[in-house]
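For reference, each letter of the sequence shown is one residue, going -15 to 358 in this note's numbering.
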Amino acid sequence: MITLGLEEEVQVVDARGQLVPHDFNGELATSSDGAMDREIHRCVIELKTRICHSVPDLVAALATLRGQARHRAALQGQQILIAGVHPTARWQDQAMHLGPAFPHYTSLVDEYQDIARSAFSFGMHLHLGFEPDAPRMAIMNRLRHVLPEALALSASSPFFEGRDTGLQSWRHSLLDRYPRMGTPDVWASEDDYTAHVQRLRRTGCIGPEQGLWQDLRLHHRYGTLEVRIMDTHPDLARIGLIATLLKWEAETLQIELRHGRAGPPWERACVDENKWRARRHGMAARWIDWDRDEVIDTPTRFERWWSRIAPRAAHAAERHYWERELADALAEGSFADRVRQRAEHDERWSSTLAWMIAQGEDDEMLLARAEGWS
């Protein structure tokens, strides 16, 4: 049984759709569905679901937390916008949680300077929890292969400071400037990975309670595999699809490893080639299958992936539901595509920002369709 948890960073904006600092103090709220908390920039609310045992459970918890965040923001005359980067905001204008009351964030800015100040991006992190005897590092080494596809499905950050970057996910152009970021290396064992983290702590490279910040990591406190590559995405169905694909991939890898059918892990440089293609082209990318040294289009890539992992569906209805969602995702493309289309003739950004705020506000309607998810 693989358990699930999700962290989502949402943007706090004013009536015009511009980023504004929220005034919540301490832990924002805790409920049976999870918690809301702060981040280093005051325009961010972080949503953290409880531990969930299915994708419908996860999506329902996230929908509840989003509703709570919208309510808390509305009490201050503010709104919530969900995307990997705000399309027009300047990082120089953003307030931060700094000073004696925020020693962790203050130390990050002291060390990373403008890298930390300018990285006001908004990500979605999926935690996969395993049984104690699961070969987590062997799974992690091979789960790296599908990180770019997860990014392509979530890509939602084509604009930065009002400019079309030409990319589908500019968020990684901000984040990957940090050290110890990006695609993780292949590790021989979990002990080797843990020893490296401890070595970084001993030498002062990271704090005593910190781990690595890469696109996928073995979490230093929770013991989960945390997939951190995704942009935030307003559509709960798309989030459910990403969670399903990653969960089924992890379950498939467990079976393949148990029966000696798992191939060798790809080198970091190979995964990075596909990550670039995802960042640049999103769902229109041409992917490299490094097991065959073959370049393939997106429908072929996802068809092969789906045929390999779809047997992990609990029953036919679940398989058919997510098969339809995947077909819709391939037809629709990315949220970045939709933002770009909206902004093309909107010089003042007002209607585009209003449209972005409205996305996701029908979360309850989507949950009503969720009977086929489980």
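The beta carbon of each residue, even a glycine, is placed where N, CA and C say it ideally should be.
CB of residue i within 8 Å of CB of residue j, strictly
i: Leu3; j: Ala73; result: yes
i: Arg164; j: Leu131; result: no
i: Ser102; j: Val69; result: no
i: Gly148; j: Arg324; result: The sequence given here places Asp at residue 148; Gly does not occur at that position. Cβ atoms of Asp148 and Arg324: closer than 8 Å.
i: Ile293; j: Glu233; result: yes
i: Lys259; j: Leu112; result: no
i: Val128; j: Leu209; result: Checking the sequence shown, residue 128 turns out to be Arg, not Val. Their beta carbons are not under 8 Å apart, which means Arg128 does not touch Leu209 by this criterion.
i: Ile272; j: Glu251; result: no
i: Val28; j: Gln(-5); result: yes
i: His204; j: Val181; result: yes
i: Gln198; j: Thr167; result: yes
i: Leu229; j: Ala47; result: no
i: Ser141; j: Ala246; result: no
i: Leu184; j: Met124; result: no
i: Gln60; j: His6; result: yes
Residue closest to residue i, alpha-carbon to alpha-carbon, out of the options
i: Arg22; options: Ala79, Val39, Pro71, Ile239; result: Ala79
i: Gly(-11); options: Gln343, His109, Ile213; result: His109
i: Pro248; options: Ala122, Leu151, Gly107, Asp7; result: Ala122
i: Pro359; options: Gly61, Gly207, Pro5; result: Because the chain is modelled from -15 through 358, residue 359 falls outside the range shown and cannot be assessed.
i: Val43; options: Ala297, Pro218, Asp273, Leu337; result: Pro218
i: His25; options: Gln194, Gly188, Thr90, Ala313; result: Thr90
i: Glu(-8); options: His6, Ala53, Met(-15); result: Ala53
i: Ala297; options: Val28, Gly344, Ser334, Ala227; result: Ala227
i: Gly51; options: Ser38, Asp330, Leu65, Leu151; result: Leu65
i: Leu237; options: Arg222, Pro295, Glu193, Arg303; result: Pro295
i: Cys189; options: Arg276, Ile35, Tyr96; result: Tyr96
i: Ser15; options: Asp175, Asp(-2), Ile35; result: Ile35
i: Ser38; options: Ile239, Ala342, Glu302, Ile341; result: Glu302
i: Arg173; options: Trp154, Arg126, Pro192; result: Checking the sequence shown, residue 173 turns out to be Ser, not Arg. That would be Arg126, whose Cα lies nearest to the Cα of Ser173.
i: Asp175; options: Leu202, Trp154, Ser153, Gly191; result: Leu202
i: Arg261; options: Gln152, Ile223, Pro40, Glu193; result: Gln152
i: His55; options: Gly191, His81, Phe8; result: Phe8
i: Arg288; options: Pro87, Glu133, Glu193; result: Glu133
i: Arg222; options: Phe86, Arg322, Asp312, Trp154; result: Asp312
i: His361; options: Thr187, Arg322, Gln194; result: The chain is shown from -15 up to 358; residue 361 falls before or after that span and cannot be answered.
Sequence-distant residues of its chain with Cβ nearer than 6 Å to residue i (five each side left out)
i: His156; result: Arg263
i: Ser334; result: none
i: Cys254; result: Trp274
i: Val93; result: Ala100
i: Gly344; result: Ile66, Pro218
i: Arg326; result: Thr336, Trp339
i: Leu241; result: Pro119, Ala122
i: Phe143; result: Pro71
i: Asp330; result: Thr336
i: Asp277; result: none
i: Pro192; result: Arg185
Beta-carbon contacts of residue i that lie in its chain and below 7 Å, excluding the five residues immediately before and after
i: Ile99; result: Arg161, Tyr162
i: Phe49; result: One point to set straight first is that residue 49 is Leu, not Phe, in the sequence displayed. Counting only Cβ-Cβ distances below 7 Å, and skipping sequence neighbours, we find Asp17, Gly18, Met20, Leu31, Thr33.
i: Leu310; result: Leu225, Phe286, Trp290
i: Gly83; result: Thr90
i: Phe114; result: Ile(-14), Arg120
i: Leu159; result: Ala103, Ser105, Met165
CB contact below 8 Å: residue i versus chain D
i: Arg296; result: Absent from the structure: chain D. Only one protein chain is present.
The ligand GDP heavy atom lying under 7 Å from the CB of residue i
i: Phe114; result: Here there are no bound small molecules, and the ligand GDP is not part of this structure.
Nonlocal neighbours in the same chain, by C-beta distance under 8 Å from residue i, ignoring five residues either side
i: Leu314; result: Met267, Thr282, Pro283, Phe286
i: Gly146; result: Pro71, Thr72, Trp333
i: Ile341; result: Val(-3), Gly1, Gln63, Ile64, Leu65
> When the Cβ atoms of the region 260 to 272 are set against those of the region 318 to 331, are three or more pairs found closer than 8 Å?
Replying inline: yes
>> Can you confirm whether the region 204 to 223 touches the region 130 to 146 when touching is taken to mean that 3 or more C-beta pairs between the two stretches lie within less than 8 Å?
In response: yes
> What are the start and end residues of each continuous beta strand (DSSP E) run of 3 or more residues lying completely inside the region 259 to 310, in chain order?
Replying inline: 270 to 273, 278 to 281
> Can you give, in chain order, each stretch of the beta strand (DSSP E) that sits fully within the region 47 to 94 and has at least 3 residues?
Replying inline: 63 to 65
> Quick one: complete alpha helix (DSSP H) runs, 4+ long, within the region 120 to 186?
Replying inline: 120 to 127, 131 to 138, 155 to 159, 174 to 186
> In chain order, which beta strand (DSSP E) runs of at least 3 residues are fully inside the region 216 to 250?
Replying inline: Whole beta strand (DSSP E) segments, 3+ residues: zero.
> Which full runs of the beta strand (DSSP E) of 3+ residues lie inside the region -15 to 54, going along the chain?
Replying inline: -13 to -3, 13 to 15, 18 to 21, 28 to 33
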